[in-house]
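**Q**
Protein chains: 2
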Amino acid sequence: MTSAGAEPPARRLTARGALTRDRIVRAAADLMHANGVAGTTMDQVVEASGTSKSQLYHYFEDKDALVTAVIKMQAARVMERQEPHLEQLSSVQGLRRWRDAIVRFIDERHGAHGCEIGSLASELTDRSEPARILINATFQHWESYLAAGIRRMQERGQVDASADPAELATGIMAAYQGGYLLSQAARSAQPMALALDLAIRNLEALAVHQDRAPEAAS
Amino acid sequence: MTSAGAEPPARRLTARGALTRDRIVRAAADLMHANGVAGTTMDQVVEASGTSKSQLYHYFEDKDALVTAVIKMQAARVMERQEPHLEQLSSVQGLRRWRDAIVRFIDERHGAHGCEIGSLASELTDRSEPARILINATFQHWESYLAAGIRRMQERGQVDASADPAELATGIMAAYQGGYLLSQAARSAQPMALALDLAIRNLEALAVHQDRAPEAAS
DNA sequence: ACGAACCCGGACCAGCTGGTCCATTCTGCC
DNA sequence: GGCAGAATGGACCAGCTGGTCCGGGTTCGT
């Protein structure tokens with residue numbers, strides 16, 4: 009659990025090779041999300057990706073290197089799914105729509121499976137420093153979208169301008185991750201709903217001074 | 009990962025035997041907290057507890073049974089540590105003292121290691137239904153202490169009486185768990201501080217004025 | 001005292017795990 | 001066309017993992 013994050017000599021890679029590599033990472037990401045990193049074997053990855061042992065070790069030095077690639081892919085996946093909601097975020101209504109999408113998403117799965125990043129974080133953070141750094145950077149990047157949105161809300165006067173957007177973003181992120189965990193344990197979307205409602209309600213409360221703003225659409 | 013939670017025939021147990029059993033569970037709990045359940049081997053437990061393979065399998069049918077015992081012990085440990093703060097909780101100040109104790113606790117460890125229950129939850133919740141049920145019950149029990157405290161705050165008029173204490177407790181618990189995860193990834197107590205501050209600020213806000221409709225959650 | 005039942009030590013094992021290796025087939029490029 | 005290097009298949013392996021087993025010591029109840 010101590011491999012590097014950067015590819016060693018930036019080897020050549022044909023289009024076919026890139027495709028194979030991608031199939032491997034994708035299969036590994038799915039398996040690890042479902043069964044955990046420790047609970048996923050290299051043989052399982054080989055079978056699920058329809059490749060062979062030699063290919064796996066051709067593209068990845070060892071399991072740690074594969075895990076690193078998986079973290080990066082999951083980070084990209086999550087951001088891809090969140091970006092449409094967060095990119096233009098500029099109102100509390102927008103945030104509430106984000107909340108609704110998440111609650112719906114979890115409700116469909118009856119709470120099964122955790123956050124792709126959160127579950128990796130919980131398993132790897134104490135066991136691999138490079139993984140921890142990567143995961144932490146992912147959280148930061150993710151929060152920066154929320155912070156940017158909150159800043160826009162402040163400009164509109166929906167949120168108290170004296171509050172620190174980055175700190176609020178961290179608080180919302182914590183509510184999200186904690187809500188996910190509790191929803192997973194309860195097999196219900198309700199804890200997530202309550203957690204995000206609490207966090208969002210907090211933003212509104214900060215705005216009570218100069219409210220009565222004409223609430224434009226997000 | 010599918011063993012039962014109840015001991016089969018409630019076997020006899022001498023004082024000496026109970027002591028040995030306890031040493032095993034204690035060692036297993038520490039190892040699993042540090043290295044995860046999957047990352048802890050039975051041989052490690054044997055060595056750390058100073059016992060032998062036959063003893064381990066004398067007291068526990070298999071690894072799942074041991075994990076069940078570990079969950080119960082960790083639940084007891086956490087509650088034991090929290091009870092002094094939560095037992096008499098009846099004011100926002102008291103809640104803030106609770107927050108301070110937690111932040112200090114995490115700060116000492118520089119964020120390393122997660123919540124004893126939270127990390128078990130993340131790893132086991134999707135992999136073992138009996139474990140999930142046990143863990144969920146632990147969260148419920150834990151939240152009930154918070155809820156009772158919030159109810160007392162309502163009686164004192166510190167918190168809006170129309171808010172549901174159980175729902176607020178779930179929100180605070182989510183902030184706690186999420187804050188823990190982010191603090192672990194960031195190796196800093198700050199995310200936990202921000203998360204709990206956000207949650208507590210929310211209670212206060214509810215006390216200032218009875219705005220905001222009761223929010224029928226998902 | 002004395003048998004039954006508990007407690008204990010540790011050798012042993014089948015299956016799995018991450019990882020190696022080599023022989024063969026493609027592919028990009030001059 | 002032909003070669004260097006990438007891509008692939010899969011047999012193979014040493015060490016580990018959860019779990020078994022048996023023989024002997026200790027304690028309990030009567």
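Order-wise, the sequence lines are chains A and B. As numbered in the numbering used here, residues 9 to 226 make up the first sequence, in order. As numbered in the numbering used here, residues 9 to 226 make up the second sequence, in order. Ideal Cβ placement from N, Cα and C applies to all residues, glycine included.
Identify whether B:H41 lies in helix, strand or coil by the three-state DSSP scheme.
**A** Numbered from its first residue, the second sequence carries residue 41 of chain B at position 33. B:H41: helix per DSSP, three-state reduction.
**Q** Please compile the residues from chain A whose C-beta is within a distance smaller than 8 Å of the C-beta of B:G47.
**A** In the second sequence, the residue the question calls residue 47 of chain B occupies position 39. Correct list: A46, R135.
**Q** Output needed for B:R220: all residues of its chain with C-beta closer than 6 Å, excluding positions within five of it in sequence on either side, in chain order.
**A** In the second sequence, the residue the question calls residue 220 of chain B occupies position 212. Model confidence at B:R220 stands at a pLDDT of 42, short of 50, so the residue's coordinates are unreliable; what they give is reported in the following sentence. Correct list: empty, nothing qualifies.
**Q** Would B:G186 count as contacting chain A if we go by Cβ distances under 9 Å?
**A** By one-based count along the second sequence, residue 186 of chain B stands at place 178. It does: the Cβ of B:G186 has a partner Cβ on chain A nearer than 9 Å.
**Q** B:L189 lies in the alpha helix (DSSP H); which residues open and close that run?
**A** As a first step, residue 189 of chain B must be located in the second sequence, where it is residue number 181. Note, B:L189: alpha helix (DSSP H), 173-194.
**Q** Using the rule of at least 16 other Cβ atoms within 10 Å of the residue's Cβ for burial, across every protein chain shown, is A:E212 buried or exposed?
**A** The sequence position of residue 212 of chain A within the first sequence is 204, counting from 1. Buried is the call here.
**Q** Specify, as a first and last residue, the run of the alpha helix (DSSP H) that A:D168 falls within.
**A** For the purposes of this step, residue 168 of chain A is taken as residue 160 along the first sequence, with counting starting at 1. Per DSSP, A:D168 lies in no alpha helix (DSSP H) segment and is marked neither H nor E.
**Q** When the Cα atoms are used, what is the spatial distance from B:T28 to B:A77?
**A** For the purposes of this step, residue 28 of chain B is taken as the residue at position 20 of the second sequence. For the purposes of this step, residue 77 of chain B is taken as the residue at position 69 of the second sequence. Pairing B:T28 with B:A77, the inter-Cα distance amounts to about 14 Å.
**Q** Just reading off the alpha helix (DSSP H) that A:Q148 is part of, what are its end residues?
**A** Position 140 of the first sequence, counted from the start, is the residue given in the question as residue 148 of chain A. Element bounds for A:Q148: 137-163.
**Q** Sorted by chain position, which residues of the same chain lie with C-beta nearer than 6 Å to B:Y184's C-beta, five sequence neighbours on each side aside?
**A** Translated into the one-based positions of the second sequence, residue 184 of chain B becomes position 176. Once the five neighbours on either side are set aside, B:Y184 has no close Cβ partner at all.
**Q** For B:F147, go through chain A and note every residue whose CB falls closer than 8 Å to its CB, in chain order.
**A** On the second sequence, position 139 is the one that residue 147 of chain B refers to. Within chain A, the residues near B:F147 are L190, A193, A194.
**Q** Which one of A:I110, A:T49, A:I125 has the shortest CA to CA distance from A:I141?
**A** Along the first sequence, read from residue 1 onward, the residue named residue 141 of chain A stands at position 133. When only C-alpha atoms are compared, the closest one is A:I125.
**Q** Can you list, in chain order, the residues of its chain with a C-beta nearer than 6 Å to that of A:W106? Leave out the 5 residues immediately preceding and following it.
**A** For the purposes of this step, residue 106 of chain A is taken as residue 98 along the first sequence, with counting starting at 1. Contacts found: H93.
**Q** Of all the options B:H118, B:H149, B:L103, B:L64, which has the alpha carbon lying nearest to the alpha carbon of B:R7?
**A** Residue 7 of chain B cannot be examined here, being either before or after the span of chain B that is shown, 9 to 226.
**Q** Below 7 Å between beta carbons is the criterion; list the residues of the region 87-111 of chain A that meet it against any residue of chain B, in chain order.
**A** Residues V111.
**Q** What's the call for B:L234, buried or exposed, on a 16-neighbour Cβ count within 10 Å?
**A** The structure shown does not extend to residue 234 of chain B, since chain B is modelled only from 9 through 226, so no value can be given for it.
**Q** Can you say whether A:K61 is buried or exposed, counting buried as having 16 or more other CB atoms within 10 angstroms of its CB?
**A** Along the first sequence, one-based indexing puts residue 61 of chain A at 53. Exposed is the call here.
**Q** May I have the straight-line CA-CA distance separating A:S196 from B:E69, to the nearest angstrom?
**A** Residue mapping note: residue 196 of chain A aligns to position 188 of the first sequence, counting from 1. Residue mapping note: residue 69 of chain B aligns to position 61 of the second sequence, counting from 1. Whole-angstrom Cα-Cα distance: 31 Å.
**Q** Checking contacts by CB at 9 Å: is A:S170 closer than that to chain B?
**A** Numbered from its first residue, the first sequence carries residue 170 of chain A at position 162. Not closer than 9 Å to any Cβ of chain B, the Cβ of A:S170 fails to qualify, so no.
**Q** Counting contacts by CB-CB distance shorter than 9 Å, is A:M200 in contact with chain B?
**A** The residue given as residue 200 of chain A occupies position 192 in the first sequence. Chain B, which has a Cβ nearer than 9 Å to the Cβ of A:M200, makes this yes.
**Q** Within the continuous alpha helix (DSSP H) that includes B:T76, where are the two ends?
**A** As a position in the second sequence, residue 76 of chain B is number 68, starting the count at 1. Start and end: 71-94.
**Q** Tell me whether B:F113 sits in a helix, a strand or coil according to DSSP, three-state version.
**A** In the second sequence, counting from the first residue as 1, residue 113 of chain B sits at position 105. In the structure shown, B:F113 sits in a helix (DSSP, three-state: H, G or I).
**Q** Considering only residues of the same chain and omitting the five flanking positions on each side of A:G187, which have a CB-CB separation below 8 Å?
**A** What you label residue 187 of chain A is simply residue 179 of the first sequence in a count that begins at 1. Taken in chain order, the residues that qualify are P199, M200, A201, L202, A203, L204.
**Q** Kindly confirm or deny that the region 108-124 of chain B and the region 124-138 of chain A touch, where touching means at least three C-beta pairs closer than 8 Å.
**A** Touching, yes.
**Q** So which residues on chain B does A:A84 lean against when the C-beta distance must stay under 9 Å?
**A** In the first sequence, residue 84 of chain A corresponds to position 76, counting from 1. In chain order: nothing, as chain B lies at least about 18 Å away.
**Q** Does the beta-carbon of A:G179 have 16 or more other beta-carbons within 10 angstroms, so that it is buried, or is it exposed?
**A** For the purposes of this step, residue 179 of chain A is taken as the residue at position 171 of the first sequence. Buried: at least 16 other Cβ atoms inside 10 Å.
**Q** Measuring CB to CB, does B:L21 end up less than 9 Å from B:V53?
**A** Here residue 21 of chain B corresponds to residue number 13 of the second sequence, with the count starting at 1. Here residue 53 of chain B corresponds to residue number 45 of the second sequence, with the count starting at 1. Going by C-beta atoms, B:L21 is not nearer than 9 Å to B:V53.
**Q** When we look at the beta-carbon of B:Q101 and count the other beta-carbons within 10 Å, is it buried (16 or more) or exposed?
**A** Counted from its first residue, the second sequence places residue 101 of chain B at position 93. So B:Q101 counts as exposed.
**Q** State yes or no: is the beta carbon of A:L206 nearer than 9 Å to at least one beta carbon in chain B?
**A** Working through the first sequence from its first residue, we reach residue 206 of chain A at position 198. Judged by the 9 Å Cβ criterion, A:L206 is in contact with chain B.
**Q** Could you tell me the distance, in whole angstroms, from the CA atom of B:H149 to the CA atom of A:A35?
**A** Here residue 149 of chain B refers to the residue found at position 141 when the second sequence is read from its first residue. Here residue 35 of chain A refers to the residue found at position 27 when the first sequence is read from its first residue. Computed Cα separation, rounded: 38 Å.
**Q** Between the alpha carbons of B:V167 and A:D30, how many angstroms are there, rounded?
**A** Here residue 167 of chain B refers to the residue found at position 159 of the second sequence. Here residue 30 of chain A refers to the residue found at position 22 of the first sequence. Taking the Cα positions, B:V167 is about 53 Å away from A:D30.
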